[in-house]
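Written out as structure tokens, the structure is:
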């Protein structure tokens, strides 16, 4: 079944041209000119991926993303690409810190956007273990159990001490890389390779934003959560409980 891409932008020309380009590539599209309308639609029927413009009236892309992540479940975990103003590093940093999976600066080429969408959907499949599960006769990837942490790659599910924790695709892949080898230090570049496998340039400090958000989510379930350790100047590791 073709992936459904939600486009949210107050510029109707961008919505029309991008929607046509995506449909030509085999995607299904839903377009929204404001964040409030999009949010209501997502609650009933979440898309596979969202592309949000940051600068919109009434509800901007940042607020839309915040509301989406608060929904939890399938809607809260959907991948999101931000469209930012050219060279606006503040937008990019805030977006990643709030849980966006990628960003593209305007003006952008449709070919680049389509490539980023495909890359993010592939990462989502990888996080869910779909690439191996869909092969004939293949078994589901095993659960990852580390103390109070349980990760189910086939279903993109995470539990801590019996409580569900909703992670984005990027957050899931980063945590999985750390939890697979407790005690082993992973550098920012190694985690970037895991989370961003395609030839897309992303600053290595992006990992810091994702780690902070992962910790914040786990501390909502357990204020004492301290299993992800920082080794300053080196990287991160999953502590052995």
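In my numbering, the protein residues as written are 32 to 272. Using N, Cα and C, we set each Cβ at its ideal position, and we do this for glycine too.
Rounded to whole angstroms, the separation of the alpha carbons of residue 38 and residue 55 is 15 angstroms. Secondary structure at residue 199: coil, using DSSP grouped into helix, strand and coil. By the CB criterion at 8 angstroms, residue 148 and residue 112 fall inside the cutoff. For residue 36, no alpha helix (DSSP H) encloses it; the enclosing beta strand (DSSP E) starts and ends at 35-39. Rounded to whole angstroms, residue 93 and residue 85 show a C-alpha spacing of 6 angstroms. Shown here, residue 135 sits in a strand according to DSSP, grouped into three states. Checking the DSSP bridge columns, you'll see residue 182 partnered with 175, 189. Between the beta-carbon of residue 114 and that of residue 137 there is about 6 angstroms, and that keeps the pair under the 8 angstroms contact cut. Going by DSSP, residue 238 is part of the alpha helix (DSSP H) stretching over 237-252. The beta carbon of residue 226 sits closer than 6 angstroms to those of 201, 204, 205, all from its chain and outside the five residues before and after it, given in chain order. Measuring C-alpha to C-alpha distances from residue 141 to each of 34, 46, 107, 99 identifies 46 as the nearest.
The Cβ neighbour count for residue 240, taken over all protein chains shown within 10 Å, is at least 16; the residue is labelled buried.
Note on geometry: alpha-carbon atoms of residue 83 and residue 99 lie some 11 angstroms from one another. Boundaries of the beta strand (DSSP E) around residue 115: 111-115. If you draw a straight line from the Cα of residue 212 to the Cα of residue 267, it comes to about 11 angstroms.
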